[in-house]
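See below for the structure under consideration.
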Amino acid sequence: MSHTDAPKGTDYLHADYSIKSWLLTLDHKRIAILYLITISLFLAIGGSMALIIRMELLTPEGDLLMSDTYNKAFTVHGVTLIFFFLIPSIPAVLGNFLIPLMIGARDVAFPRLNLLSWYVFTTGGTLGVIALVVGGVDTGWTFYTPYSTSFSNTAVVTAVFAVFFAGFASIMTGLNFIVTIHKMRAPGLTWSRLPLFIWAQYATSVIMVLGTPVIAITLLLIAAEKTLRIGIFDPALGGDPILFQHLFWFYSHPAVYIMILPSMGVISELIACFSRKRIFGYEFVAYSSIAIAVLGFVVWGHHMFVSGQSMYAGMVFSVLSFLVSIPSAVKIFNWIATMHKGQIRLDSPMLYALGFIGLFTIGGLTGLFLAVMGLDIHVHDTYFVVAHFHYIMVGGAILGFFGGIHFWWPKITGRLYPEILGKLSAVLIFIGFNFTFLPQFIAGYLGMPRRTHSYSEEFQVLNVLSSAGASILASGTIIAVAYLLWSLWYGEKAGRNPWNAKGLEWETSTPPPTTNFERTPTVTEEAYAYGPDDESGEVNNERD
Amino acid sequence: MNSGGLMPEQASNFAQEMDLLYYVLIGLTVFFALLVFVPMLYFVVKYRAGSKADRTRPTYHNLKLELAWSLIPLAMGLVVFVWGAKLFVEMYTPLESENALQITVVGKQWMWHLQHPTGQRENNELHIPTGRPIQLTMISQDVIHSFFVPAFRIKRDVLPGRYVTMWFEATKTGRYHLYCAEYCGTDHAKMTGWVYVMKPEEYERWLVASKWGAVSDAARDTMAEAGERLYNDMQCNSCHDPAAQNAPSLAGLFGKERRLSDGRVVTAGEDYIRRSIYKPNSMKVIGYEPIMPTYEGLIDEQEVLQLIAYIRSVRDEADDLTGRETTPEGDS
Ligand SMILES: [Cu+2]
Ligand SMILES: [Cu+2]
Numbered sequence: 001m002s003h004t005d006a007p008k009g010t011d012y013l014h015a016d017y018s019i020k021s022w023l024l025t026l027d028h029k030r031i032a033i034l035y036l037i038t039i040s041l042f043l044a045i046g047g048s049m050a051l052i053i054r055m056e057l058l059t060p061e062g063d064l065l066m067s068d069t070y071n072k073a074f075t076v077h078g079v080t081l082i083f084f085f086l087i088p089s090i091p092a093v094l095g096n097f098l099i100p101l102m103i104g105a106r107d108v109a110f111p112r113l114n115l116l117s118w119y120v121f122t123t124g125g126t127l128g129v130i131a132l133v134v135g136g137v138d139t140g141w142t143f144y145t146p147y148s149t150s151f152s153n154t155a156v157v158t159a160v161f162a163v164f165f166a167g168f169a170s171i172m173t174g175l176n177f178i179v180t181i182h183k184m185r186a187p188g189l190t191w192s193r194l195p196l197f198i199w200a201q202y203a204t205s206v207i208m209v210l211g212t213p214v215i216a217i218t219l220l221l222i223a224a225e226k227t228l229r230i231g232i233f234d235p236a237l238g239g240d241p242i243l244f245q246h247l248f249w250f251y252s253h254p255a256v257y258i259m260i261l262p263s264m265g266v267i268s269e270l271i272a273c274f275s276r277k278r279i280f281g282y283e284f285v286a287y288s289s290i291a292i293a294v295l296g297f298v299v300w301g302h303h304m305f306v307s308g309q310s311m312y313a314g315m316v317f318s319v320l321s322f323l324v325s326i327p328s329a330v331k332i333f334n335w336i337a338t339m340h341k342g343q344i345r346l347d348s349p350m351l352y353a354l355g356f357i358g359l360f361t362i363g364g365l366t367g368l369f370l371a372v373m374g375l376d377i378h379v380h381d382t383y384f385v386v387a388h389f390h391y392i393m394v395g396g397a398i399l400g401f402f403g404g405i406h407f408w409w410p411k412i413t414g415r416l417y418p419e420i421l422g423k424l425s426a427v428l429i430f431i432g433f434n435f436t437f438l439p440q441f442i443a444g445y446l447g448m449p450r451r452t453h454s455y456s457e458e459f460q461v462l463n464v465l466s467s468a469g470a471s472i473l474a475s476g477t478i479i480a481v482a483y484l485l486w487s488l489w490y491g492e493k494a495g496r497n498p499w500n501a502k503g504l505e506w507e508t509s510t511p512p513p514t515t516n517f518e519r520t521p522t523v524t525e526e527a528y529a530y531g532p533d534d535e536s537g538e539v540n541n542e543r544d
Numbered sequence: 001m002n003s004g005g006l007m008p009e010q011a012s013n014f015a016q017e018m019d020l021l022y023y024v025l026i027g028l029t030v031f032f033a034l035l036v037f038v039p040m041l042y043f044v045v046k047y048r049a050g051s052k053a054d055r056t057r058p059t060y061h062n063l064k065l066e067l068a069w070s071l072i073p074l075a076m077g078l079v080v081f082v083w084g085a086k087l088f089v090e091m092y093t094p095l096e097s098e099n100a101l102q103i104t105v106v107g108k109q110w111m112w113h114l115q116h117p118t119g120q121r122e123n124n125e126l127h128i129p130t131g132r133p134i135q136l137t138m139i140s141q142d143v144i145h146s147f148f149v150p151a152f153r154i155k156r157d158v159l160p161g162r163y164v165t166m167w168f169e170a171t172k173t174g175r176y177h178l179y180c181a182e183y184c185g186t187d188h189a190k191m192t193g194w195v196y197v198m199k200p201e202e203y204e205r206w207l208v209a210s211k212w213g214a215v216s217d218a219a220r221d222t223m224a225e226a227g228e229r230l231y232n233d234m235q236c237n238s239c240h241d242p243a244a245q246n247a248p249s250l251a252g253l254f255g256k257e258r259r260l261s262d263g264r265v266v267t268a269g270e271d272y273i274r275r276s277i278y279k280p281n282s283m284k285v286i287g288y289e290p291i292m293p294t295y296e297g298l299i300d301e302q303e304v305l306q307l308i309a310y311i312r313s314v315r316d317e318a319d320d321l322t323g324r325e326t327t328p329e330g331d332s
């Protein structure tokens, strides 16, 4: 085990203070910070849209927003949170920051490509904001044709290019990670010793590299049909609208795994650290990430059971969807088994991890309702679906992201946040989340269609509950953002390894030096080698 | 209307089975959720840091356990899959029944047009009897919509450019919500309506009553009659007259196999006739000069459906010695 400490003042945050040193940095850690700032802005935009939506839905009449405005609000909500927040969240921030540290490398394989990806992403983000400013887009994040290509007269083309750019950024990130993980592992760090976070990032990168080109081309086809009137998707021009849905979901189902797999990687780290135990069934958890990445590519048709796809195709997609749920279940069971005979501490990151398990379990199980073809006829395009995917994407992906941010915050910023507020916000988010989305399952089965600003009176009680929950969820999130920012200036200085965790990232100083390690570490043991001696899990926050 | 409950009303032949399937899935969800949450919370308490619990010989691998928690859920899932697929096939397979009431649905931004075989037209409202299967033949005039009646547990996307069908049988009289479930633009939220389910006698009375106000002959037409009127107005007969030589006779066309000039052999169903009218050049019958003009822009989706009803009703004299016959419901 190497144990390196950089001389004071040369950590990556304090190496240079100029704006230029940030904007032209090739340091993966600084690029991660750039990404963190950018995606936080999009979280703010997308999140405020959610609040506006929930406010409108307090009453059955469409009284707060005009229907067009509402349609734009949910489109901005979906597009920003999916393409500009969730997809890049863990990979581009935590992945960028941690992958080289976790595998004992100086940087990613292609630092310039890494910086370029941020610029491309920011270009996309800027285009997105322009689309918003010039009047917005009203197609929903799904851009369904022929509505998007022949009927909507909003800024569809600009929005499509925004997403196109974001897609390229994620291809670059994915490519970088794959090469980095293959080529730059420290001596002794075999594949079977890799932290599960790395396995998850690897699987995610494969999806990014294979899936994103398809959505990129599909979006270009939208722009082509809309501007040049070439018939691709619109039957009036000789196209086929179902073709669009096939191409769209071919990427967008795997994209769900781009969002959730990295979170699962985070959860594995958290469960192991706060149970002071090696992960139960390491290989099963690792390979299940790969299984999810592969199977995730062959289930897209489960979004199209009622859309006119052939019945036999539907059956194949339905049965494969049951299959893809198994690797996720395997992970959950292995995490629970890891806790068996552990020394469990409920620090805030662990609260997020347990919250993740709870919400992701519900999200996954309710996904089966939708994979059952007959039942999907009734619940498709209702609030049942809305509730289901928020359980996966907020309850799963975002809780994993927050858990990871809380876990590695001391390492990234060199500061500790107030633990008591950390716990409070984790609990508020969990309660608020359930309040918001549980009622939507019921509203959905009762038949409330999605994407409407007015609705039938009998759904009001459920919607009021949901809006009330959203305010709790929002306050939990705002508290978290507030104390994290506060800690940057006033937080207690963090030591090298405040959680007493295993993993190479905890062995270098805090914050890490620009070069990560003074000497390349050599790895001699498996991941999560929590032994009997650190069973107490005492927090060790000494600065050394 | 049902208000405040947790379940929508059951008003069709599919509602009970759908709900049963739903309950079974809720059961499975509760079962697996408990399987995860109970041990999780139990371990959190029992193995909290510093507790006195026995921690000797912790395990890190157990192949049997791994297989058990992968294969058992998979097997349970497959049972539900089969059941769900069976229900789906039942709901989406077009009905062959003679007795079915054939209703046509045209979706457009942001309205539903419905027409009964006897000619009654409705907007955003549908009156139907109990005790008789209802078959909907649906098409959109613009973007994708989705015909959704929660109380019947039926939904299907209504596509531009292609017919889809869906059937059900209403079992309970009353008034039920009709929604558009697929986002379709500005007034998607307002693309709603009501389905009125009536006793068969009442439905018959409604059929008569809804034609009382008819001022013109056209308003009194059945679908097939409206189609015939159109057929004559548009002078389809100038070419398609059975005596003429330069175009095929349309008598008895429906359901027949057609050989096209590009070698394809297709069945002359609704979609085929619609394409022949809108895009005659993509569906050229072998042995004829492609002189038929396109009627795109001249005839709307509703009228195409009427023409189809008419063509369906015209029998070929060679097939059927009773000759031309117009059945009142156009579903002979
Ligand atoms: Cu999917
Ligand atoms: Cu609609």
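Chains as they are written, first to last, in this note's numbering: chain A, 1 to 544; chain B, 1 to 332. The C-beta atom is built at its ideal place from N, Cα and C for all residues, glycine as well. For clarity, every value in this text was computed on a predicted model and none was experimentally measured.
Close to ligand 1, as judged by a C-beta nearer than 7 Å to any of its heavy atoms, are the residues A:W249, A:H253, A:V256, A:V299, A:W300, A:H302, A:H303, in chain order. The beta carbon of V206 (chain A) sits closer than 6 Å to those of A293, all from its chain and outside the five residues before and after it, given in chain order. Annotation: the continuous beta strand (DSSP E) that includes K155 (chain B) extends over 154-158. Considering only A:A169, A:S509, A:G495, A:W199, the residue with the shortest C-alpha distance to S268 (chain A) is A:W199. At the C-beta level, R153 (chain B) and F147 (chain B) stay beyond 9 Å of one another. Secondary structure of T75 (chain A) (DSSP, three-state): helix. A distance below 6 Å between beta-carbons, with the five flanking residues on each side excluded, links V93 (chain A) to the following residues of its chain, in chain order: A32, Y35, L36. Think of a sphere of 8 Å around the beta carbon of F37 (chain B): the chain A residues whose beta carbon falls inside it are G358, T361, in chain order.
Excluding the 5 residues flanking it on each side, V379 (chain A) has same chain C-beta neighbours closer than 8 Å at F369, L370, V385, G444, Y445, in chain order. Counting C-beta atoms within 10 angstroms of its own C-beta, I362 (chain A) has 16 or more neighbours from the protein chains shown and is therefore classed as buried. Cβ proximity to chain A below 8 Å picks out G161, R162, V164, H177, Y179, C180, A181, E182, Y183, C184, G185, T186, D187, H188, A189, K190 from the segment 161-191 of chain B. When DSSP states are grouped into helix, strand and coil, Q109 (chain B) belongs to the coil group. Using a 10 angstroms sphere on the CB of F31 (chain B), the tally of other CB atoms stays under 16, which defines it as exposed. At a cut-off of 9 Å, the C-beta of A151 (chain B) has a neighbouring C-beta in chain A. A direct Cα-Cα distance of roughly 39 Å separates Q120 (chain B) from W141 (chain A). By the neighbour-count criterion, in which a residue is buried when 16 or more other Cβ atoms sit within 10 angstroms of its Cβ, T510 (chain A) is buried. For Q343 (chain A), the C-beta contacts it makes with chain B under 9 Å involve Y47, R48, A49, G50, S51, R55, in order along the chain.
Taking a Cβ-Cβ threshold of 7 Å, the residues of chain B close to I326 (chain A) are S70, P73, L74, in chain order. Looking at the backbone, the Cα of I286 (chain B) and that of L230 (chain B) are separated by about 26 Å. For T93 (chain B), the closest Cβ of chain A is nearer than 9 Å.
Cβ proximity to chain A below 8 Å picks out nothing from the segment 198-224 of chain B.
Across the set A:V372, A:L270, A:R276, the C-alpha of A:V372 shows the shortest separation from the C-alpha of Y23 (chain B). Membership of C180 (chain B) in the beta strand (DSSP E) is indicated by the continuous run 174-180. By alpha-carbon distance to P160 (chain B), the top candidate from B:L178, B:G5, B:V106 is B:V106. Set against 8 Å, the gap from the CB of S456 (chain A) to the closest heavy atom of ligand 2 is not smaller. Taken from the Cβ of S146 (chain B), at least one heavy atom of ligand 2 lies inside 8 Å.
Runs of the alpha helix (DSSP H) spanning 4 or more residues and lying entirely within the segment 417-466 of chain A occur at 419-446, in chain order. Judged by DSSP in its simplified three-state form, Q302 (chain B) adopts helix.
As the crow flies, the alpha-carbon of I103 (chain A) is around 53 Å from that of Y92 (chain B). Annotation: I181 (chain A) to H28 (chain A) spans about 14 Å, alpha carbon to alpha carbon.
The residue from B:Y163, B:R220, B:S282, B:P133 with its alpha-carbon nearest to that of E98 (chain B) is B:P133. Assigned with DSSP and collapsed to three states, A170 (chain B) falls in strand.
A Cβ-Cβ distance of about 6 Å is found for the pair T338 (chain A) and S275 (chain A), placing them in contact under the 8 Å criterion. In chain order, S192 place their CB closer than 8 Å to the CB of E283 (chain A), counting only its own chain and leaving out the 5 sequence neighbours on each side.
Taking E289 (chain B) as reference, the option from B:E169, B:S210, B:S261 with the minimal CA-CA separation is B:S261. For E257 (chain B), the enclosing beta strand (DSSP E) has its first and last residue at 257-259.
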